[in-house]
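Listed in order, the protein sequences are those of chains G and F. Under our numbering, think of the first position of the first sequence as 75, with each following residue one higher. Under our numbering, think of the first position of the second sequence as 14, with each following residue one higher. Below is one structure, written out as structure tokens; comments come after it.
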Amino acid sequence: MDCFETAPPEPRAIPGGAPADPILAVEGLSHSFGARVALDGVSFGVPAGRFTVLLGLNGAGKTTLFSLITRIYNTRRGSIRVFGFDMRRHPAQALARIGVVFQQPTLDPDLTVIQNLRYHGGLHGLASADIEARAGEELARIGLAERADERVRTLSGGQRRRVEIARALLHRPSLLLLDEPTVGLDIELRRQVLDHVHDLCRERGLAVLWATHLIDEARDGDGVVVLHGGRVLASGLVEELRAAAGVATLGDAFARLTEKKVRQ
Amino acid sequence: MNATLYWRCLRAVIVREGLRFVHQRERFFAALVRPLVWLGIFAVGFRAVLGLSIIPPYETYILYEDYVTPGLVGMIQLFNGMQSSLSMVYDREMGSMKTLLVSPLPRWYLLVCKLLAGVLVSIAQVYVFFAIAWFWGVQPPELGYLAVLPALVLSGLMLGALGLLLSSFIRQLENFAGVMNFVIFPMFFASSALYPLWRIREGSPTLAWIAGINPFTQAVELIRFALYLQFNGTAFLAVTACLVLFLGAAILAYDPGRGFWVRRGGPAEQG
């Protein structure tokens, strides 16, 4: 394994990589737990600078998909490539380019904000000086710089979420994964977090995969991947999906897609 | 370059475990009070009941407090090993283990970092206990405090690896009580921590045999001999072999391609 430090996106002269390649490429991915099929032939891509919503009801397979992309467990059938690196063959390089915000809160409530960030930075092999500098930047960005030395316990739910996003960006990933990040937040906080990640996506050219069951979290210009019963029913831009279904809202398009699926 | 990354990761895990330990003061006191109760109450009462002959590594008659101290040190490490397995299960339930596992470093190395951090915490506790025991009159040779350090590292790793392995089998936090009943107590009582093996043999040869093959007995004897500046080769080999076995099995159990992640669909599978 060679160095996986956070080099800036080099020209993608990597096995199988062409410049137009998506940052995240999932192909023919299937996974089952015993007899239960959780994912069945899932394929989609997330290009740089695109906010992509992974839309599915509970039980659609979103968390399984996230577990495979983050290599909590191995891909059995199909492939996942991040920045051209295959997750099975080059897990270190692939993981080094992913930032993750999990559905459950994963900050240590008894440690301070900065201690949490240092822990994460260390796990990614960052130098202390880099961690301090980047943590300062990221915290300033979310308006929490002066609370760096306070325990996470004292932060509100929305602030914690933003710290988790800041933490996920510490090692400068190309791909940001968020698994139902607005669970437990009120409408106003949800909007703030959503705006924040859209901004990041636009300003830094991040590829974002945002899993949710809340249809209104997808905005015009976002990509959508509709996951239902472990299969991708449709993918494209929000407006494309609406046009293809011939309806006015994404909600209607989603209802139509999943309805058809049920009837089959 | 690569070694630097590994070192930074290890340092981060150690700092985190250390901070967590310091912040959880109840845990610190509980870890300390437990062996002190044994030393201050149990050992005093037991002194009159149990006559000890001169057995290696001791060269003179010793008080029961002297005998039981290495056993209580072992107890500190045993509880710590199980505590770390408890925290692994907790981390898994709470999702914070995922933060660890998405590090680009190999998973076996992340587990070893966790293990080492836990051992350092246990050794800190052991030395605080030694200090209090010294005032209590348990005063092994001064050099013994240094000689026991490598023994503590090895026994701590072995008991921590056992905890790690157990954590891969425990589904939920509630099941941890079972670990107390079925692992900690039998391991502690069926060992040479509280009474020498020859004493147990008088009561029950079978129990003495069980205590003899108990990895915890070997850990305690390794510590006991080292504290009195002697090297117990059998105990050293036994503890090392158990460490290799437990750690190897734990690494297999946490492997992303097999083990419980795949069996159970990973932590907190929600769909």
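Ideal placement from N, C-alpha and C gives every residue a C-beta, glycine not left out. Note that the structure is a prediction, hence the values are computed from the model and not measured.
Proximal residues to residue i (C-beta, below 7 Å), its chain only, five neighbours per side dropped
| i | result |
| --- | --- |
| residue 174 of chain G | 144, 242 and 251 |
| residue 132 of chain F | 166, 169, 170 and 173 |
| residue 66 of chain G | No answer is possible for residue 66 of chain G: it lies beyond the span of chain G, which begins at 75 and ends at 338. |
| residue 121 of chain G | 96, 97 and 281 |
Cβ of residue i within 8 Å of any chain F Cβ
| i | result |
| --- | --- |
| residue 226 of chain G | no |
| residue 184 of chain G | yes |
| residue 240 of chain G | no |
| residue 180 of chain G | yes |
| residue 145 of chain G | yes |
| residue 209 of chain G | no |
| residue 371 of chain G | Residue numbering for chain G in the displayed model covers 75 to 338; residue 371 of chain G lies beyond these limits and cannot be assessed. |
| residue 192 of chain G | yes |
| residue 243 of chain G | no |
| residue 231 of chain G | no |
| residue 119 of chain G | no |
| residue 128 of chain G | no |
| residue 328 of chain G | no |
Supposed close pair residue i, residue j - CB separation, criterion 8 Å
| i | j | result |
| --- | --- | --- |
| residue 223 of chain G | residue 36 of chain F | The pair is not a contact, with the Cβ atoms about 14 Å apart (cut-off 8 Å). |
| residue 93 of chain F | residue 152 of chain F | Their Cβ separation, rounded to whole angstroms, is 24 Å, which puts residue 93 of chain F and residue 152 of chain F out of contact at 8 Å. |
| residue 236 of chain G | residue 216 of chain G | 4 Å |
| residue 125 of chain G | residue 272 of chain G | 6 Å |
| residue 227 of chain F | residue 193 of chain F | In fact, because the Cβ distance is near 17 Å, the residues do not count as touching under 8 Å. |
| residue 193 of chain G | residue 25 of chain F | 5 Å |
| residue 108 of chain F | residue 178 of chain G | 3 Å |
| residue 166 of chain G | residue 156 of chain G | In fact, because the Cβ distance is near 11 Å, the residues do not count as touching under 8 Å. |
| residue 52 of chain F | residue 149 of chain F | 6 Å |
| residue 95 of chain F | residue 177 of chain F | Not a contact, Cβ separation roughly 10 Å. |
| residue 48 of chain F | residue 142 of chain F | 6 Å |
| residue 30 of chain F | residue 130 of chain F | 4 Å |
Other residues of its chain near residue i: CB distance less than 6 Å, five sequence neighbours each side excluded
| i | result |
| --- | --- |
| residue 263 of chain G | 232 |
| residue 91 of chain G | Reliability of the predicted coordinates at residue 91 of chain G is poor, the pLDDT of 40 falling under 50, and no value is obtained from them. |
| residue 86 of chain F | 139 and 236 |
| residue 365 of chain G | With chain G represented from 75 up to 338, any question about residue 365 of chain G goes unanswered, as that position is not in the structure. |
| residue 278 of chain G | none |
Opposing strand residues paired with residue i [DSSP bridges]
| i | result |
| --- | --- |
| residue 284 of chain G | G/127 and G/252 |
| residue 309 of chain G | G/299 |
| residue 186 of chain G | G/225 |
| residue 160 of chain G | G/155 |
| residue 173 of chain G | G/250 |
| residue 101 of chain G | G/153 |
| residue 111 of chain G | G/106 |
| residue 257 of chain F | The partner list for residue 257 of chain F (beta bridge, DSSP) is empty, contrary to what the question assumes. |
| residue 151 of chain F | None, per the DSSP bridge assignment. |
| residue 119 of chain G | G/99 |
Contacts of residue i in chain F (Cβ-Cβ under 7 Å)
| i | result |
| --- | --- |
| residue 176 of chain G | 108 and 111 |
| residue 102 of chain G | Those do not exist, as residue 102 of chain G stays about 19 Å from chain F at its closest Cβ, beyond 7 Å. |
| residue 278 of chain G | By Cβ distance, chain F contributes nothing, its closest Cβ being about 20 Å from residue 278 of chain G, past 7 Å. |
Chain G contact for residue i (CB, 8 Å cutoff)
| i | result |
| --- | --- |
| residue 131 of chain F | no |
| residue 270 of chain F | yes |
| residue 18 of chain F | yes |
| residue 60 of chain F | no |
| residue 105 of chain F | no |
| residue 40 of chain F | no |
| residue 21 of chain F | yes |
| residue 283 of chain F | Caution is warranted here: a pLDDT of 39 is assigned to residue 283 of chain F, below 50, making its placement in the model unreliable, and the coordinate value is therefore given only provisionally. With 8 Å as the cut-off, residue 283 of chain F counts as an interface residue toward chain G. |
| residue 184 of chain F | no |
| residue 51 of chain F | no |
Under 7 Å from the C-beta of residue i: neighbouring residues of chain G
| i | result |
| --- | --- |
| residue 285 of chain F | The structure shown does not extend to residue 285 of chain F, since chain F is modelled only from 14 to 284, so the question has no answer here. |
| residue 32 of chain F | 185 and 189 |
Where residue i meets chain G, residues with beta-carbon distance less than 8 Å
| i | result |
| --- | --- |
| residue 24 of chain F | 196 |
| residue 237 of chain F | What residue 237 of chain F touches in chain G: nothing, since even the nearest Cβ is about 36 Å away. |
| residue 47 of chain F | Ordered by position in chain G, no residue passes the 8 Å Cβ test against residue 47 of chain F, which lies about 22 Å from the chain. |
| residue 212 of chain F | In chain order: nothing, as chain G lies at least about 44 Å away. |
Interface partners of residue i on chain F, CB under 8 Å
| i | result |
| --- | --- |
| residue 169 of chain G | 115, 116 and 117 |
| residue 172 of chain G | 115 |
| residue 166 of chain G | 117, 118 and 119 |
| residue 250 of chain G | Neighbours of residue 250 of chain G on chain F: none; closest Cβ ~12 Å, over 8 Å. |
| residue 200 of chain G | 21 |
Contact list for residue i against chain G, beta-carbon separation under 9 Å
| i | result |
| --- | --- |
| residue 99 of chain F | Residues of chain G passing the Cβ test: none, with the nearest at roughly 16 Å. |
Beta-carbon proximity list for residue i, same chain, < 8 Å, skipping 5 on both sides
| i | result |
| --- | --- |
| residue 22 of chain F | 116, 118, 122, 123 and 126 |
| residue 186 of chain G | 222, 223, 224, 225 and 226 |
| residue 206 of chain F | 81, 83, 84, 85, 87, 88, 229, 230 and 233 |
Contact list for residue i against chain F, beta-carbon separation under 9 Å
| i | result |
| --- | --- |
| residue 303 of chain G | Per Cβ cutoff of 9 Å: no residues; residue 303 of chain G is ~10 Å from chain F at best. |
| residue 115 of chain G | By Cβ distance, chain F contributes nothing, its closest Cβ being about 18 Å from residue 115 of chain G, past 9 Å. |
Test: residue i CB closer than 8 Å to a CB of chain B
| i | result |
| --- | --- |
| residue 185 of chain F | Absence of chain B from the displayed structure is noted, the protein chains being G and F. |
Near the ligand MG: residue i beta-carbon under 7 Å from a heavy atom
| i | result |
| --- | --- |
| residue 206 of chain F | Judged by which ligands are present, the structure shown has none, so any question about the ligand MG falls away. |
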